[in-house]
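Notes follow the structure.
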Amino acid sequence: LPPWVIPTHYGLDITVDVESLAFAGSAGIDLDLKESTAFVAFHSVALDVHDAVVVPAGGDGVISPVRVDERPEREYTLLWFEPALEAGRYRLRLGFNGTLTDELRGFYYSTFTSLVDGEKKYIATTQFQPTDARRAFPSLDEPGLKATFQVNLTTPRGFHGLGNMPAREILPVANGARKFVFDTTPRMSTYLVAFIASNFEFVSGKTSRGVNVSVYTQPGRVNEGRYALEVAIHCLEFYEEKYMIEYPLPKSDLIAIPDFSAGAMENWGLVTFRDTALLYKEGQTSADEKQRVATVIAHELAHQWYGGFGDIVTMEWWNDLWLNEGFAERMEYLGVNAIEPSWRMEEQFVPLDLSRALMADSSYFTHPIAIPVSDPEEIAAIFDDVSYGKGASVIRMLQGYLATTIDESYFFSRIQAYLKEHAYTNAETAELWQALDQDPRVDVAGLMSTFTDQPGYPVVSVSSLSGDLAIKQERFL
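Using our numbering, you'd call the opening residue of the sequence shown number 7 and step up by one each time.
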């Protein structure tokens, strides 16, 4: 999208009708125009957008576009204005309608058979990473375009609303429906927004600092969420100590979604999971499955700080996805090791992550972990073992190198400084290397670029020639 149009706040009011598999809403998007422009662009896919107007901040009157130019192949819409809009602050107001699909992306529906009455039940849930917020509401749907969000969600009778933030009030609406008015979020990326309408039950607790933690499950399965609750509370406390930064939200919800495309998703304050990645049943869940529950929770909660890095500091663009997922993948081992030390998670890193990364990266068709991407298909394609496994492996390598070259505390002390410096903003890989390059004994940027900017990994051969050693390095294939 054009760099001179900056969103600062979204006000969303969405009504979902699970019975008819439809939703409708209105959006008010506060924009800061850095220069005069004849058009405003926003992302929208499979939405009927209508009544789009622009209102100058602090001014009178409404400015209607002279032309609406939909570009479905680019997944955005252009609003053209004559005369051009002057630089300044505006609110873009529009209405929209959409359909709940079963595509497991955007705002979609999921079903399950109730253990209580045996009937088929529906929930409405979201999955926006990487580029599907635009399927739920018109938005400037890029990770670098952070804004605050205030969401209202109206749900049918018998449904409860969840969002990134707690509901500050619940208002009765006609026919037993209820409107959940959620608190405003900190600045965040669109792909981390989430809202859900369900009839789920929950089990809850608090961290030592008083953060509310809840695990939501289908009715009749709430006891299967108790282990996840224990892990989540311990992980939040561990990461607060490790990062020296308090978890910034008043609550953390974890919810098991019956139909879910990924293992889990780190929506800020409302983390979504596959059932098998969150629920644990004593006497029936295997030890391996129990470990997976713990590691997936630790991974997603690590994202609450690190989301490219993290939900506090976010990647500028998707070419730094490896940093997002690699750090969370690395941190999950430390988080689980603190909770379940008998599992010796650090010893499992090589067989579970490093070996997987080496296998993927030995292919002729591999890619650099830092790779330019431009469209949704390219972005989706890099959620792979190279971004996750190799990303985690090179971060682990760097952590070990800094520990032996400087000291054990250096790595995390510099990470803490990096998070504080870039809190609620966007950052790129180079800025992380700069934060770690604060000791003359190391050249982090020079070292790491050889592993991040080219595909594959080296194999070193040593041979003896007439008493001399010949050392050769080449790419392993």
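Note that beta-carbon positions come from the ideal geometry of N, C-alpha and C, so glycine has one too.
All values reported here derive from a predicted model rather than from experimental measurement.
Taking one beta carbon from each stretch, the stretch 320–330 and the stretch 254–263 have fewer than 3 pairs nearer than 8 Å; the two do not touch.
Apart from sequence neighbours up to five positions away, the residues of its chain that approach Glu306 with a beta-carbon distance below 7 Å are Ala270, Glu272, Val277, ordered along the chain. Beyond the five residues adjoining it in sequence on each side, Ala304 comes within less than 6 Å, by CB distance, of Cys241, Glu338, Gly341, Val342 in the same chain, given in chain order.
Under a 10 Å Cβ-count criterion, Leu37 is classified as buried, with 16 or more other Cβ atoms of the shown protein chains found around its own Cβ. Bounds of any alpha helix (DSSP H) do not take in Tyr128; it lies within the beta strand (DSSP E) bounded by 126–133. The beta carbon of Leu84 sits closer than 6 Å to those of Phe45, Ala47, Asp75, all from its chain and outside the five residues before and after it, given in chain order. Note on Arg174: under 16 other CB atoms within 10 angstroms of its CB, so exposed under the neighbour-count rule. By the neighbour-count criterion, in which 16 or more other beta carbons inside 10 Å mark a residue as buried, Asn330 falls on the buried side. Under the 8 Å Cβ criterion, the stretch 170–187 does not count as touching the stretch 145–153, having fewer than three qualifying pairs. In this structure, the alpha-carbon of Glu125 lies about 14 Å from that of Pro264.
Listed in chain order, the non-local C-beta contacts of Asp459 below 8 Å within the same chain comprise Pro374, Ala376, local neighbours out to five positions each way being set aside. Comparing alpha carbon positions, the residue from Arg227, Phe201, Gln440, Glu335 closest to Val122 is Arg227. Contact between Arg420 and Ala387 does not hold, since the beta-carbon distance rounds to 32 Å and is not under 8 Å. Within the same chain, Cβ atoms closer than 7 Å to the Cβ of Ala283 are found at Gly269, Ala270, Arg298, Val299, Val302, the five residues on either side in sequence being excluded.
In this structure, Ile202 places its C-beta atom within 8 Å of the C-beta atom of Leu168. Rounded to the nearest whole angstrom, the CA to CA distance from Tyr407 to Met194 is 33 Å. Remark: fewer than three beta-carbon pairs, one from each stretch, lie closer than 8 Å, so the stretch 281–295 and the stretch 207–214 are not flagged as touching. In this model, Gln405 and Arg447 are separated by some 15 Å (Cα to Cα). Within the DSSP bridge table, the entry for Asp38 names Ile12, Arg95 as partners.
Counted as a single uninterrupted DSSP element, the stretch harbouring Tyr430 is not any beta strand (DSSP E), since DSSP gives it neither H nor E.
Shown here, Arg362 sits in a helix according to DSSP, grouped into three states. In its chain, beyond the 5 residues on either side, Tyr339 have a beta carbon closer than 8 Å to the beta carbon of Gln354. For His49, the enclosing beta strand (DSSP E) begins and ends at 43–49.
Less than 8 Å separates the beta-carbon of Leu100 from that of Asp57. Judged by beta-carbon spacing, Thr160 lies within the 8 Å limit of Thr21, meaning their Cβ atoms are closer than that value. Distance from the CA atom of Thr223 to the CA atom of Val11, rounded to whole angstroms, is 40 Å. Residue burial annotation: Met351 is buried, with at least 16 other C-beta atoms found within 10 angstroms of its C-beta. Between Leu39 and Leu98 a beta carbon distance of about 11 Å is seen, past the 8 Å cut, so the two are scored as non-contacting. Residue pairing by DSSP places Met321 opposite Ala433 in a beta bridge.
In the structure shown, the three-state DSSP call for Val187 is strand.
One Cα belongs to Val179, the other to Asp23, and the distance between them is close to 13 Å. Residue state for Asp367 is assigned as helix, using DSSP reduced to three classes.
Its chain contains Gln479, Glu480, Arg481, Phe482 as the residues whose beta carbon lies nearer than 8 Å to that of Val465, once the 5 sequence neighbours on both sides are disregarded; these appear in chain order. Ala436 and Phe371 have their C-alpha atoms roughly 26 Å apart.
The beta-carbon distance between Thr105 and Leu27, rounded to whole angstroms, is 6 Å. This is short enough to meet the 8 Å contact definition.
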